[in-house]
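K.L.:
Once you've had a glance at the structure underneath, I'll fire off some questions.
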């Protein structure tokens, strides 16, 4: 009996050893088949999308002042000078226009006098003819022989009168018009005679292209003034980017490590076509007002402009690298009970590193980042330890 008991105990021990061996082996195989992945939690927050472009800093208020074809008398400014509205920048030597105006005025007045005199002469003659016609009509009714002789005399007087022709009247009126035109032109020439250049607004002189004593070149600006306290950034956008931009959008301008606030204030209504190394290129100009004052931005320098083209608040979001896209289908892999599970999702707004999830995923779920083709439904997943490969959304 003791011998049989020993055999039974031995068999039980052997069975336990065999069971333990196979259990350990199965656990080892299962552990080795698990995939290490990077993960992140779906969270609720804001998704902000930006369009990043290069822009050039310009003054919002710039004017090129052109000079007349005249000799420069004096230059009052140099590049870098600050000027106020109304300050004289340059003066020129110009002719005296008082004599041509006075001469034209006299000619005009003489023409008016001659016309009015002709009007008066015409009226006197017409009145005289009417008077004679009245007398003739009265005498024609008389049978007195003396009245007959007088009648013939009056008719002869009437026939000898030479009336003022309409042609002479028209000539006199045209003479007045020509004299008035000459007078107006003389006054206009005097008014347009530019003897100086004055600043239309306060700013800084950025160019001077005239020299005292020399003739001014009317083909190039004599002086350029810019308001450097009010700046804008100008960008050129292609067809696809231009459709994303609208007035009032917020902009972040980056100059090295410094950032400034901006706003889209103008979009050109039509595209401009230019030649580039790759052929014709059509772009639309966009102006961005620099909202910050006293910046270190310089006119002519380039800056990076991030135009905010979209913003969603309080939405479910995940990293963009969690999305797997196949044609028109978007999906993610979540981790449930140590296994990968694919979920089809509907996406909304995309930013550079985050995407809005409209449906198909809830906040708090764990998604796999950059899922490889090895991952399918049911693939065992080994989650990273705290502080390891996981990623939390902001």
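Numbering (full-length UniProt numbering), first residue to last: 1 to 394.
C-beta: ideal position from N, C-alpha, C; glycine also.
How is residue 116 classed by DSSP in three states: helix, strand or coil?
P.N.:
If DSSP states are grouped into helix, strand and coil, residue 116 belongs with the helices.
K.L.:
What ranges does the alpha helix (DSSP H) occupy inside the stretch 229-278, keeping only unbroken runs of at least 4 residues that lie completely in it?
P.N.:
Correct list: 239-242.
K.L.:
Which word fits residue 59, buried or exposed, when buried means at least 16 other C-beta atoms lie within 10 angstroms of its C-beta?
P.N.:
Buried: at least 16 other Cβ atoms inside 10 Å.
K.L.:
Helix or strand or just coil, what does DSSP make of residue 65?
P.N.:
Correct three-state label for residue 65: strand.
K.L.:
Enumerate in chain order the residues of its own chain whose CB-to-CB distance from residue 362 is below 8 angstroms, with the five nearest sequence positions on each side excluded.
P.N.:
If we look at residue 362 and ignore the five residues flanking it on each side, its Cβ neighbours are 42, 316.
K.L.:
Is the stretch 68-79 touching the stretch 324-333 in the sense that three or more CB pairs, one from each, lie closer than 8 angstroms?
P.N.:
Touching, no, given that fewer than three Cβ pairs across the two stretches are closer than 8 angstroms.
K.L.:
Measuring straight from C-alpha to C-alpha, what distance separates residue 354 and residue 372?
P.N.:
Distance between the alpha carbons of residue 354 and residue 372 is about 19 angstroms.
K.L.:
Is the beta carbon of residue 48 less than 7 angstroms from the beta carbon of residue 243?
P.N.:
No; because the gap between Cβ atoms is not below 7 angstroms, this pair is not in contact.
K.L.:
Can you give me the start and stop residues for the beta strand (DSSP E) that residue 58 sits inside?
P.N.:
43-59 is the extent of the beta strand (DSSP E) around residue 58.
K.L.:
Extract the residue ranges of the beta strand (DSSP E) inside the stretch 309-384, only unbroken runs of 3 or more that lie entirely within it.
P.N.:
Runs found: 324-326, 329-336, 339-350, 354-359, 366-369.
K.L.:
How big is the Cα-Cα spacing for residue 251 and residue 225?
P.N.:
When rounded, the distance between both Cα atoms is 27 angstroms.
K.L.:
Counting pairs of Cβ atoms below 8 angstroms between the stretch 132-139 and the stretch 192-203, do you hit three or more?
P.N.:
At 8 angstroms Cβ cutoff, the stretches do not touch.
K.L.:
Can you tell me which of 365, 139, 98 puts its alpha carbon nearest to the alpha carbon of residue 336?
P.N.:
Cα-wise, what sits closest to residue 336 is 365.
K.L.:
Please state whether the Cβ-Cβ distance between residue 208 and residue 223 is less than 7 angstroms.
P.N.:
For residue 208 and residue 223, yes; Cβs fall inside 7 angstroms.
K.L.:
Is there contact here, the stretch 276-293 with the stretch 308-315, by at least three beta-carbon pairs under 8 angstroms?
P.N.:
Too few Cβ pairs lie closer than 8 angstroms, so no.
K.L.:
For the alpha helix (DSSP H) that contains residue 146, what are its first and last residues?
P.N.:
Taken as a continuous stretch (DSSP letters only), the alpha helix (DSSP H) holding residue 146 covers 145-160.
K.L.:
Distance, Cα to Cα, residue 69 vs residue 91?
P.N.:
Rounded to whole angstroms, residue 69 to residue 91 spans 12 angstroms at the Cα level.
K.L.:
For the alpha helix (DSSP H) that residue 187 lies in, which residues bound it at each end?
P.N.:
Looking at the DSSP string, the run of the alpha helix (DSSP H) that includes residue 187 is 166-192.
K.L.:
Can you give me the C-alpha to C-alpha distance between residue 217 and residue 63, rounded to a whole angstrom?
P.N.:
Taking the straight line joining both Cα atoms gives about 17 angstroms.
K.L.:
Would you call the CB atoms of residue 345 and residue 357 closer than 7 angstroms?
P.N.:
Contact: yes.
K.L.:
Comparing alpha-carbon positions, which option in 297, 375, 230 lies nearest residue 257?
P.N.:
Selected option, being the one with the closest Cα: 297.
K.L.:
Determine which residues share a DSSP beta bridge with residue 197 and list them.
P.N.:
Answer is 90.
K.L.:
Quick one, are the C-beta atoms of residue 115 and residue 172 less than 7 angstroms apart?
P.N.:
For residue 115 and residue 172, yes; Cβs fall inside 7 angstroms.
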